[in-house]
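A.B. asks:
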Amino acid sequence: MLLKNKVAVVYGGAGSLGAGVAKTYTEAGARVFLVGRTEKTLREVADATGAAYDVLDAGDEDAVEAHADSVVERAGRFDVSFNLVPRGDFQGVPLTEMSVADYTRPVVRGITCQFITARAAARRMAAQGSGVILGLNSGSHNGSPMLGGTGAADGALDALIRQLAQEAGPAGVRALGIWTAGVVDTLTPEKLGAAGAPAPDEAAVAGIRAHLDSLRMTKRSPRIADIAALATFLASDAAAGLTGTWVNATAGMFPS
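Last residue of the sequence shown? That's 266 in the working numbering, and every number before it is there in order.
#1: Can you tell me the Cα-Cα spacing of V82 and G139, whole angstroms?
#2: Using three-state DSSP, classify S224 as helix, strand or coil.
#3: For chain D, is any of its Cβ atoms less than 9 Å away from the one on G217?
#4: Tell me the DSSP secondary structure of S26 in three-state form.
#5: Report yes if the CB atom of G30 is closer than 9 Å to the CB atom of K14, and no otherwise.
#6: How is the beta strand (DSSP E) around T255 delimited, first residue to last?
#7: Return the chain-ordered list of same chain residues with a C-beta closer than 6 Å to the C-beta of G182, the five sequence neighbours on each side being excluded.
#8: Reducing DSSP to helix, strand and coil, say where R134 ends up.
#9: Going straight from the alpha carbon of L174 to that of E107, what length do you get?
#10: For the beta strand (DSSP E) that R230 lies in, which residues bound it at each end?
#11: Buried or exposed: Q124, going by 16 or more other Cβ atoms within 10 Å of its Cβ?
#12: Among Y113, S26, F88 and Q176, which one has its Cα closest to the Cα of A130?
#13: Let me confirm a value: Q176 is counted as buried when at least 16 other C-beta atoms fall within 10 Å, else exposed. Which label applies?
#14: Could you tell me the boundaries of the beta strand (DSSP E) in which F243 lies?
And the structure:
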């Protein structure tokens with residue numbers, strides 16, 4: 011029960027990774043609030059995990075601030091914030107052929123949404139003297155071909171987490187991130203197609219997953235359960251000595 015009596019908000023909680031985190035957080039003793047824009051999918055995850063849910067746009071400043079207040083009013087605390095909202099990454103096209111909108115969308119949309127939710131959480135956590143803010147990205151900040159604006163978006167979030175940790179640390183707030191370089195059981199034809207490349211069939215998806223496995227030192231890519239377990243540890247008091255850094259959970263794809 012690493013998160014016993016903790017109150018966690020998972021933004022983008024209706025996605026496959028958000029659902030996995032919500033399940034693990036709940037099992038670890040946390041009271042979990044899922045946030046997203048689509049009630050149907052949020053309700054399905056909430057029913058499966060025992061979490062509560064609230065429908066709102068995590069990129070709406072006023073809505074996020076009001077929601078953070080409502081979490082404190084309903085639960086008495088705000089201990090963990092984890093933003094897993096999709097950024098609209100567009101990949102598979104050379105930079106010389108990519109539009110400005112497709113390149114900048116994940117950077118602008120991603121950092122805006124992350125800043126809004128992290129700021130709201132940090133304000134409430136600082137007032138109570140403790141809390142953990144988590145981020146997650148692919149770890150592509152050093153640049154990789156054909157990934158469009160993903161590396162720039164990852165770099166922006168890396169910097170936000172590190173700066174926030176320094177500024178909020180004296181108030182007892184920790185800020186951390188997780189690099190994954192792809193969580194293979196979140197990859198579906200629909201998700202891969204939405205990222206820019208033609209939607210692959212199941213056989214092609216299996217090939218993509220196998221290729222990602224081959225790039226790891228362990229020859230095994232992280233799964234939803236692995237990342238959820240790591241996020242649970244990082245959010246817990248057992249990780250009290252960790253802040254201002256990113257945990258490399260790429261299984262060695264990007265050596266530290």
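For each residue, glycine too, the CB sits at the ideal point set by N, CA and C.
Here the structure is a predicted model, which means the values were calculated and not measured.
C.D. replies: The relevant details are as follows:
#1: Taking the first residue of the sequence shown as position 1, residue 82 is located at position 72. Taking the first residue of the sequence shown as position 1, residue 139 is located at position 129. Roughly 14 Å between the two C-alpha positions.
#2: Residue 224 sits at position 214 when you count from the first residue of the sequence shown. Residue state, collapsed to three classes: helix.
#3: In the structure shown, chain D cannot be found, because there is only a single protein chain.
#4: One-based indexing of the sequence shown puts residue 26 at position 16. Three-state DSSP puts S26 in a helix.
#5: Walking along the sequence shown from the start, residue 30 turns up at place 20. Walking along the sequence shown from the start, residue 14 turns up at place 4. No, they are not a contact pair.
#6: As a working mapping, residue 255 is identified with position 245 in the sequence shown. Unbroken beta strand (DSSP E) run through T255: T255 to N258.
#7: One-based indexing of the sequence shown puts residue 182 at position 172. Excluding residues within five positions, the ones whose Cβ falls inside 6 Å are G139 and S140.
#8: Your numbering for residue 134 matches position 124 in the sequence shown. R134: helix per DSSP, three-state reduction.
#9: Reading the sequence shown from its first residue, position 164 is the one you call residue 174. Reading the sequence shown from its first residue, position 97 is the one you call residue 107. Whole-angstrom Cα-Cα distance: 35 Å.
#10: Walking along the sequence shown from the start, residue 230 turns up at place 220. Counting along the chain, R230 falls outside any beta strand (DSSP E), and DSSP gives it neither H nor E.
#11: Within the sequence shown, the letter at position 114 stands for residue 124. Under this definition Q124 is a buried residue.
#12: For this step, residue 130 is matched to residue 120 along the sequence shown. Of the candidates Y113, S26, F88 and Q176, the one whose C-alpha sits nearest the C-alpha of A130 is F88.
#13: The residue labelled residue 176 in the question sits at position 166 within the sequence shown. It is exposed - the Cβ of Q176 has fewer than 16 other Cβ atoms within 10 Å.
#14: Looking up residue 243 in the sequence shown gives position 233. F243 -> not in any beta strand (DSSP E); alpha helix (DSSP H) instead, spanning I234 to A245.
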